[in-house]
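S.K.: Chains as they are written, first to last, in our numbering: chain R, 1 to 113; chain H, 1 to 119. Using N, Cα and C, we set each Cβ at its ideal position, and we do this for glycine too. From a predicted model like this one, the values you see are computed outputs, not experimental measurements.
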Amino acid sequence: QQQVKQSPQSLIVQKGGISIINCAYENTAFDYFPWYQQFPGKGPALLIAIRPDVSEKKEGRFTISFNKSAKQFSLHIMDSQPGDSATYFCAASSTDQGGKLIFGQGTELSVKP
Amino acid sequence: EAQVTQNPRYLITVTGKKLTVTCSQNMNHEYMSWYRQDPGLGLRQIYYSMNVEVTDKGDVPEGYKVSRKEKRNFPLILESPSPNQTSLYFCASSLLGTGALPGHQETQYFGPGTRLLVL
Numbered sequence: 001q002q003q004v005k006q007s008p009q010s011l012i013v014q015k016g017g018i019s020i021i022n023c024a025y026e027n028t029a030f031d032y033f034p035w036y037q038q039f040p041g042k043g044p045a046l047l048i049a050i051r052p053d054v055s056e057k058k059e060g061r062f063t064i065s066f067n068k069s070a071k072q073f074s075l076h077i078m079d080s081q082p083g084d085s086a087t088y089f090c091a092a093s094s095t096d097q098g099g100k101l102i103f104g105q106g107t108e109l110s111v112k113p
Numbered sequence: 001e002a003q004v005t006q007n008p009r010y011l012i013t014v015t016g017k018k019l020t021v022t023c024s025q026n027m028n029h030e031y032m033s034w035y036r037q038d039p040g041l042g043l044r045q046i047y048y049s050m051n052v053e054v055t056d057k058g059d060v061p062e063g064y065k066v067s068r069k070e071k072r073n074f075p076l077i078l079e080s081p082s083p084n085q086t087s088l089y090f091c092a093s094s095l096l097g098t099g100a101l102p103g104h105q106e107t108q109y110f111g112p113g114t115r116l117l118v119l
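1. Rank H:SER82, H:THR107, H:SER24, H:ARG44 by C-alpha distance to the C-alpha of THR5 of chain H and give the top, closest one.
2. How about GLN37 of chain H and ASP59 of chain H: are their beta carbons less than 8 Å apart?
3. Could you work out which residues of chain R lie near GLY40 of chain H, taking near to mean beta carbons separated by less than 9 Å?
4. What does a CB cutoff of less than 6 Å around THR63 of chain R pick up in its chain, not counting 5 residues either side in sequence?
5. Ends of the beta strand (DSSP E) at LEU11 of chain R?
6. Anyone know if the C-beta pair for ALA24 of chain R and LYS71 of chain R falls short of 8 Å?
7. Would you mind listing the alpha helix (DSSP H) stretches within the segment 3-71 of chain R that are 4+ residues and don't spill past its ends, in chain order?
8. To the nearest angstrom, report how far apart SER67 of chain H and SER87 of chain H are at their CA atoms.
9. Spell out a yes or no on whether the segment 34-41 of chain R and the segment 17-35 of chain H are touching, meaning 3 or more CB-CB pairs, one atom from each, closer than 8 Å.
10. So is PRO83 of chain H buried or exposed if we call it buried at 16+ other beta carbons inside 10 Å?
11. Rounded C-beta distance between LEU116 of chain H and LEU43 of chain H? I'm assuming under 8 Å.
12. Compare the beta carbon distance of PHE33 of chain R and ALA49 of chain R with 8 Å and say whether it is the shorter of the two.
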């Protein structure tokens, strides 16, 4: 019940295309859903996050879509650029568990020029 | 510059030889955590600390120890490393546990990682 399942494991997108990464969870107590971006040789860094009281959050070319009833959330990268090539992790946490982050398995995104 | 530092960045060792990976943050964060990253498994929490002298097990604590004697430092200790501990390790910190307060978002800041190979 603590798992966060992420797909796909890897993704290749052409420059200018839309990248979509999906995550699913089971624990209905989760109340915070961040996405982290990791470049090779670096630690993960927060990209964008959402709480379940909204269905969508947009920051520039990055959008989180959240479906509470389906217990799913996804990251959309519009107009994907080669500089977006990185590994993306979804995560979830709940207030009643002290905010411990549970991470998905990661998606390696490659944007081809 | 606000940051989390880890040392060493790369380490090759042999089975059974005790080692310590240091982690330090300069942001006065209460919460610190250690993760290991393995292909196909994502980031899994090893240990975490809510404050000085307060530590607790994460999801994969076996074979690891931690201590939190000072707020800024959170070393990871492998008393007797084994090959299955070969991995990429990350230290992270945040003001509080991420999402620990209703309606409050806490960014977790990660260090640059330590790549460990146990032969």
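M.R.: Judging by the given coordinates:
1. The residue given as residue 5 of chain H occupies position 5 in the second sequence. Closest option to THR5 of chain H, Cα to Cα, is H:SER24.
2. The sequence position of residue 37 of chain H within the second sequence is 37, counting from 1. The sequence position of residue 59 of chain H within the second sequence is 59, counting from 1. Result no, Cβ atoms of GLN37 of chain H and ASP59 of chain H do not sit closer than 8 Å.
3. In the second sequence, the residue the question calls residue 40 of chain H occupies position 40. Simply GLN9, GLN105, GLY106.
4. Here residue 63 of chain R corresponds to residue number 63 of the first sequence, with the count starting at 1. The answer, listed in chain order, is HIS76.
5. For the purposes of this step, residue 11 of chain R is taken as residue 11 along the first sequence, with counting starting at 1. Bounds of the beta strand (DSSP E) holding LEU11 of chain R are 10-14.
6. Numbered from 1 along the first sequence, position 24 holds the residue referred to as residue 24 of chain R. Numbered from 1 along the first sequence, position 71 holds the residue referred to as residue 71 of chain R. Contact: yes.
7. Here no run is fully enclosed.
8. On the second sequence, position 67 is the one that residue 67 of chain H refers to. On the second sequence, position 87 is the one that residue 87 of chain H refers to. Those two C-alpha atoms are separated by around 20 Å.
9. no
10. Reading the second sequence from its first residue, position 83 is the one you call residue 83 of chain H. PRO83 of chain H should be labelled exposed.
11. Your numbering for residue 116 of chain H matches position 116 in the second sequence. Your numbering for residue 43 of chain H matches position 43 in the second sequence. Contact flag wrong, Cβ pair sits at about 15 Å.
12. In the first sequence, residue 33 of chain R corresponds to position 33, counting from 1. In the first sequence, residue 49 of chain R corresponds to position 49, counting from 1. In contact: PHE33 of chain R and ALA49 of chain R (Cβ atoms closer than 8 Å).
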